[in-house]
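In this note's numbering, the protein residues as written are 1495 to 1787.
Shown next as structure tokens:
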């Protein structure tokens, strides 16, 4: 602060223009007020319920027969990140059409999915609507992460170029994952790391492999410290412990490289890692509408 004040004193001594001095001081004061507001308001991480995924064939989450004959229940969390400069929705849970319906089993029998509550209903608890969001970012475009995405058509979609090119290809437009993101026409294509609000507190990290443009989210919270939302880099804790790669991943080698980068980042920043499909990690987060900050 002393250095800044010294520089201001020197500048004012050499600049006689009254209008310039006024504008400079106003700009400096605005910057101070913005910094103080960010510090005061902080960043809030809300965890919402995007449904439940019953995995009937857990063996598909391995490159071998490790989980043959096993099943597991996955949580399907998605998140609101509230920043003084705006709101970001991270992932969007399962399809809204599942709300109020009986659990649905996929044709191949691998998954049975269900969803109890819609995103719009959950947002009402905070007096929010999808129109109150500046950004939406999906860790990737699989059906269990993009279900409510179409509700956020007014938001800017933050997506890796490789993921965008893949999901909007003519082949993928015929598939089941494309309709959920078709309404997202305000697109900002990314090529690697992206600092969402420009202050290092909400940063998207490119971690490809699960899909062509898979990404994770780094958060710097005032009280809880650093947090990493892992997307589907891992699906449950054993996956992380053994670096297990699902049989349906887009690129095995890229996945393993991303795991190494992720673990190095987690260690370097001493970040608390949340595996988004882990029921244990879902349950250790504050219950919505409470939040982590």
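Think of the CB as a built atom: it goes at the ideal place given N, C-alpha and C, for glycine as much as any other residue.
How many angstroms separate the CA atom of residue i from the CA atom of residue j?
i            : j            : result
residue 1758 : residue 1595 : 42 angstroms
residue 1718 : residue 1779 : 11 angstroms
residue 1579 : residue 1724 : 24 angstroms
residue 1696 : residue 1583 : 12 angstroms
residue 1678 : residue 1646 : 7 angstroms
residue 1702 : residue 1737 : 15 angstroms
residue 1651 : residue 1675 : 9 angstroms
residue 1606 : residue 1555 : 15 angstroms
residue 1593 : residue 1726 : 23 angstroms
residue 1545 : residue 1694 : 31 angstroms
Quick one: is the Cβ of residue i within less than 8 angstroms of any heavy atom of the ligand ATP?
i            : result
residue 1674 : As presented, the structure is devoid of all ligands, the ligand ATP included, so that no description of it is given.
If you follow the alpha helix (DSSP H) that residue i is in, where does it begin and where does it stop?
i            : result
residue 1575 : Segment 1566–1577 is the beta strand (DSSP E) holding residue 1575; no alpha helix (DSSP H) there.
residue 1734 : 1731–1736
residue 1767 : From DSSP, residue 1767 is part of no alpha helix (DSSP H) but of the beta strand (DSSP E) over 1766–1768.
residue 1668 : Here residue 1668 belongs to no alpha helix (DSSP H), and DSSP marks it neither H nor E.
residue 1683 : Not the alpha helix (DSSP H): residue 1683 falls in the beta strand (DSSP E), residues 1681–1684.
When the Cα of residue i is compared with those of the options, which residue comes out closest?
i            : options                : result
residue 1539 : 1561, 1562, 1573       : 1573
residue 1764 : 1752, 1715, 1642       : 1715
residue 1615 : 1603, 1628, 1542, 1744 : 1542
residue 1743 : 1707, 1698, 1591       : 1707
residue 1581 : 1556, 1783, 1557, 1627 : 1627
residue 1604 : 1569, 1547, 1756, 1590 : 1547
residue 1575 : 1756, 1777, 1722, 1662 : 1722
residue 1599 : 1761, 1551, 1739, 1762 : 1551
residue 1566 : 1709, 1588, 1772       : 1772
residue 1657 : 1587, 1750, 1704, 1786 : 1704
What is the DSSP secondary structure of residue i, counted as helix, strand or coil?
i            : result
residue 1655 : helix
residue 1541 : strand
residue 1724 : coil
residue 1591 : helix
residue 1675 : coil
residue 1607 : strand
residue 1616 : helix
residue 1521 : With a pLDDT of 49 at residue 1521, under the threshold of 50, the predicted position of this residue should be treated as unreliable, though the coordinate-derived value follows. Helix at residue 1521.
residue 1598 : strand
residue 1586 : coil
residue 1775 : helix
Got a sec, what are the start and stop residues for the beta strand (DSSP E) residue i sits in?
i            : result
residue 1696 : 1696–1700
residue 1750 : It is not in any beta strand (DSSP E) - residue 1750 instead sits in the alpha helix (DSSP H) that spans 1746–1763.
Starting from the C-beta of residue i, find all residues in its chain whose C-beta is less than 7 angstroms away, skip the five residues before and the five after it, and write them out in chain order.
i            : result
residue 1686 : 1700
residue 1562 : 1553
residue 1689 : 1697
residue 1499 : Low confidence applies to residue 1499: its pLDDT is 34, below 50, so where it sits in the model is not reliable, and the reading given next is rough at best. No residues qualify anywhere along the chain.
residue 1641 : 1544, 1586, 1587, 1588, 1589, 1590, 1674
So, for residue i: in the same chain, excluding its five sequence neighbours on each side, which residues have a beta-carbon less than 8 angstroms away from its beta-carbon?
i            : result
residue 1666 : 1660, 1672
residue 1710 : 1633, 1698, 1699, 1701, 1722, 1723, 1724, 1725, 1727, 1756
For residue i, collect the residues of the same chain with a Cβ closer than 6 angstroms to its Cβ; drop the 5 residues on either side in sequence, then sort them by chain order.
i            : result
residue 1535 : 1578
residue 1691 : 1577, 1579
residue 1655 : 1683, 1685
residue 1585 : 1572, 1632, 1633, 1639
residue 1776 : 1569, 1571
Could you tell me whether any Cβ in chain B is nearer than 9 angstroms to the Cβ of residue i?
i            : result
residue 1657 : The chain labelled as chain B is not found in the depicted structure, where only one protein chain is given.
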